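*Asks:* Below are the structure tokens for one structure; questions will follow.
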Amino acid sequence: MTIGNVETQKSASDVGGESKLDPQERLRRLREIQLPNERKIIKHPDWEIAWPEKVSSVGFVVITLICAAILFGTWFLGKLMASL
Amino acid sequence: MILGLNFWDMLVVVVYLLAITGIGMYAARKVKTVGDFFLGGRKFGKLLTAARDFGIGTSTDEPVVVVGQSYTIGLAGVWYTLINMVSTPFFWLIRPWFRRMRLFTIGDFCQMRFGGSFGYFYSIFGLLLTAVTIGLILKGTSAAVVGVTGSAVSPWVVVLVMALLFLLYGAAGGQYASVFTNVFNAFFIIVLSVLLIPFCVVKAGGFTPIAKAINNPNFFNLFTGTSGDVNLAFIVVTALVTLTATMGNPNVATVIGKTEWETRMGITHGMLLKRFCTVAWAFSGIFFLALNSNMKVPDEVFGTAIATILPIGLIGLMVAAMMATAMSCCQGYMVIAGAYFLENFYKRLLLDKSEKHYLFVSRVASVGCAASGIVFALVFPTLVDLLKYAWVVPSFIGMTIWASLAWRRVNRYSAWATAIVTFVTQLICAYYFKMNFVPMCIIYLSVGWVTLIVVSLLTPREPQDKLDEFYALLHTPIGQEDRLKYAEVPILHY
């Protein structure tokens, strides 16, 4: 299976095998791929909350509205039945 | 009559169950690796992911509880399941996070974030909770089917027939069987949810006679009902518990979508569809009350309504749909339980075995866990008590998982302390002070959060490189695995 341009086959290093990199170099590379500070909501090394992508925030709002509509619809149907 | 069902109804049941089993067995042809067995190779698009999440998230015990409670306390009975709606928008956010973690279970998550001992603890907890869930589903379904047959069949016969079939195709087809059978079942779950309504309305002579027969406007009040059990405080607090517990649920990390997009579309569509069905269950219970107000046991209302309202043929279809829905759901949980056992215990004890060996162990472990669920089906007294129990338990750990996604200071000590302190607080509140559900939840959630923060601040951090690996996974989108390979971040399953 391929996701993007990456073949999804496991290699030895994929499943927790020992790293072949020098520990300092590995730490440097790990730091390099961390979430950049400017993308964080709280700009502090202990916090890892990223600003949500547009698709996440818009989707969240839309789904919340749909849930609210389901609740309102249920409440309305109840009211309607009570009024009969 | 055969076991309390008309010949044609029985025929429908047999054909339907055989069809479901056949689909499940067909799916077995696609299973070649452990990844295929547990996650279907994560090859599924939006539709299949939604069908699977709808199927595994909707079990027969839920209409049994909601129909029974709505029959007893009115429209507010819908909250026994609709309360989970508060989590639906959050699924849109959190499922992609778990997809990016590229793991099998929350046990792997705990192992990765907090190290061995807490990972093992959660895995044992996950196995137990999965077994309880299977028990809950089997018990609810057997109660409903027994109701339909007028007690002509023993609940244990129903449990054993379901167990035999889902163990058979579940052990063979794993996650593929779960997905394929749920696509077929999704249609029947919807039928099961709405079918009673038109027949009740026609039999009662319209909506007005129903309202007049009930003759209690409070019965249609969504927020209070006629019982003191469900009120606004109950709804708000239970919503908080549910939202916290969502993260501690054993199945939350077992995502099968190809990328984040398929994952989030699947879960939210599946869950929204379930919310519509939930509303239909509540109205089915209320409408049935207008036709028969003599039922004393809420769990039997759904089955009796089917037996007395529906015509021949449709009764069989409902029984078949109930059983197949439960089977698909149990089979999904059984696969998840197998993943907990294999990934968090077996592979750590016996490394370097062949894929074929691990696949065989996955199948045996899945069957073993499902079998323990069948034992659970006998133990707990009522369905509602079980549901309350199931809501509460994952929240002991859910707090830690929520916090660990955002805050590096959360560590193994605070994870342990929060789980233990919350559990003990809950026990003291429930059994020593005999508190009601609402104050008990407020107290143990507050104590849990305070413990989490204080212990996290006072104890040593997790190793820097482990934290970096964890957050690198969390923040790296699917398709950008080259970044992870560059820093040699271990990946469990793409």
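Each protein sequence line maps, in turn, to chains R and B. Under numbering that gives the first Met the number 0, the first residue of the first sequence is numbered 0, with each subsequent residue one higher. Under numbering that gives the first Met the number 0, the first residue of the second sequence is numbered 0, with each subsequent residue one higher. Quick reminder that beta carbons are idealized off the backbone N, C-alpha and C, glycines included. Note that this is a predicted model, so its numbers are computed, not measured.
Using the Cβ count rule (16 or more neighbours within 10 Å means buried), how would you classify Y493(B)?
*Replies:* With 16 or more Cβ atoms within 10 Å of its Cβ, Y493(B) is classed as buried.
*Asks:* In chain order, what residues of the same chain have a beta carbon less than 6 Å from the beta carbon of Y339(B), not counting five sequence neighbours either side?
*Replies:* So the list reads T104, G106, S122, G125, L126, once near-sequence residues are dropped.
*Asks:* If I'm right that L4(B) touches G337(B) with Cβ under 8 Å, what's the distance once you round it to whole angstroms?
*Replies:* That pair is no contact at about 33 Å.
*Asks:* Excluding the 5 residues preceding and the 5 following A143(B) in the sequence, name in chain order all residues of the same chain whose CB lies nearer than 7 Å to its CB.
*Replies:* Here the set comprises T59, V63, F301, G302, M321.
*Asks:* If you scan the region 263-315 of chain B from start to end, which runs of the alpha helix (DSSP H) of 4 or more residues do you find wholly inside it?
*Replies:* Fully enclosed alpha helix (DSSP H) runs of 4 or longer: 300-308.
*Asks:* Closest by CA to N214(B), which one among A429(B), L288(B), N293(B)?
*Replies:* Of the listed residues, the one whose Cα sits closest to N214(B) is L288(B).
*Asks:* Closest Cβ-Cβ distance between E47(R) and chain B: below 8 Å?
*Replies:* Yes, contact with chain B.
*Asks:* Quick one: is W401(B) buried, meaning 16 or more other Cβ sit within 10 Å of its Cβ, or exposed?
*Replies:* Per the 10 Å Cβ criterion, buried.
*Asks:* Any beta-carbon of chain R closer than 8 Å to the one on L456(B)?
*Replies:* Output row for L456(B): interface = no.
*Asks:* Are three or more beta carbon pairs between the region 64-71 of chain B and the region 35-53 of chain B nearer than 8 Å?
*Replies:* Contact fails: fewer than three Cβ-Cβ distances are below 8 Å.
*Asks:* What are the uninterrupted segments assigned as alpha helix (DSSP H) that are 4 or more residues long and contained completely in the region 385-445 of chain B, given in chain order?
*Replies:* Listed in chain order, they are 394-405, 411-426.
*Asks:* Leaving out five residues before and five after G34(B) in sequence, what residues of the same chain have Cβ atoms less than 7 Å from its Cβ?
*Replies:* Excluding positions up to five away in sequence, the list reads G40, H492.
*Asks:* Using a Cβ-Cβ cutoff of less than 6 Å, which residues in the same chain neighbour G372(B) once the five nearest sequence positions on both sides are dropped?
*Replies:* Around G372(B): A130, I133, G134.
*Asks:* Quick one: give me the first and last residue of the alpha helix (DSSP H) that G118(B) is part of.
*Replies:* G118(B) -> alpha helix (DSSP H) spans 115-147.
*Asks:* Kindly indicate if chain R contains any beta-carbon less than 8 Å away from that of W415(B).
*Replies:* Not one chain R Cβ lies under 8 Å of W415(B).
*Asks:* Which chain B residues sit within Cβ distance under 8 Å of W50(R)?
*Replies:* The contacting residues do not exist; W50(R) stays about 12 Å from chain B at best.
*Asks:* Would you grab the beta carbon distance between A210(B) and L64(R) for me? Rounded to a whole angstrom, and I think it's under 8 Å.
*Replies:* At roughly 30 Å, the Cβ-Cβ gap does not stay under 8 Å, so A210(B) and L64(R) are not in contact.
*Asks:* By how many angstroms is the C-alpha of I196(B) removed from the C-alpha of A279(B)?
*Replies:* Their backbone Cα atoms lie some 8 Å apart in a straight line.
*Asks:* Taking 7 Å as the limit between beta carbons, can you name the residues of its chain near I311(B), skipping five residues before and five after?
*Replies:* For I311(B), where only same-chain residues beyond five positions count, the Cβ hits under 7 Å are N5, W7, D8.
*Asks:* Quick check: V236(B) and V437(B), are their CB atoms within less than 8 Å of each other?
*Replies:* Going by C-beta atoms, V236(B) is nearer than 8 Å to V437(B).
*Asks:* Pull up the DSSP beta-bridge partners for L43(B), would you.
*Replies:* Note that residue 43(B) corresponds to Phe in the displayed sequence, not to Leu. DSSP, once it has assigned bridges, lists G256(B) as partnering F43(B).
*Asks:* Does H356(B) get closer than 8 Å to chain R when you measure Cβ to Cβ?
*Replies:* No, H356(B) does not count as interfacial toward chain R.
*Asks:* Given that a residue counts as buried once 16 or more other Cβ atoms are within 10 Å of its Cβ, and exposed if not, what is T207(B)?
*Replies:* Under this definition T207(B) is an exposed residue.
*Asks:* Secondary structure at A49(R), three-state DSSP: helix, strand or coil?
*Replies:* In this structure, A49(R) counts as strand in the three-state DSSP scheme.
*Asks:* With DSSP as the reference, identify every bridge partner of L26(R), one or two as the case may be.
*Replies:* Bridge partners of L26(R): none, in fact.
*Asks:* Check each residue of the region 192-221 of chain B: if its Cβ is closer than 7 Å to any Cβ of chain R, include it; give the result in chain order.
*Replies:* Hits within the stretch, in order: F206, T207, A210, P216, F219, N220, L221.
*Asks:* Given a threshold of 16 other Cβ atoms within 10 Å of its Cβ, counted over all protein chains shown, does C440(B) qualify as buried or as exposed?
*Replies:* Flag for C440(B) reads buried.
*Asks:* For the region 440-472 of chain B, list every residue whose C-beta sits within 8 Å of some C-beta in chain R, in sequence order.
*Replies:* Within the region 440-472 of chain B, the residues whose Cβ lies closer than 8 Å to some Cβ of chain R are Q463, D464, D467, E468, Y470, A471, listed in chain order.
*Asks:* Helix, strand or coil, according to DSSP, for T1(R) in the structure here?
*Replies:* The predicted model places T1(R) with a pLDDT of 39, which falls under 50 and marks its position as unreliable, so this point remains unresolved.
*Asks:* Smallest Cα separation from L26(R): which of E480(B), P462(B), D481(B)?
*Replies:* Cα-wise, what sits closest to L26(R) is P462(B).
*Asks:* Y175(B) and N250(B): beta carbons closer than 8 Å?
*Replies:* No, the pair does not count as a contact, with Cβ atoms beyond the cut-off.
*Asks:* Counting along the chain, where does the alpha helix (DSSP H) carrying L491(B) start and finish?
*Replies:* Segment: none, L491(B) is in no alpha helix (DSSP H) and carries neither H nor E.
*Asks:* Between Q110(B), I72(B), V190(B), A212(B), which lies nearest to P297(B) when the distance is taken from Cα to Cα?
*Replies:* Considering only alpha carbons, the answer is I72(B).
*Asks:* Using a Cβ-Cβ cutoff of 7 Å, what residues of the region 43-62 of chain B are near chain R? List them in chain order.
*Replies:* Within the region 43-62 of chain B, no residue qualifies.
*Asks:* Would you give the residue range spanned by the alpha helix (DSSP H) that Y485(B) belongs to?
*Replies:* Run containing Y485(B): 480-485, per the alpha helix (DSSP H) assignment.
*Asks:* Does I41(R) pass the burial test, meaning 16 or more other C-beta atoms within 10 Å, or should it be called exposed?
*Replies:* So I41(R) counts as exposed.
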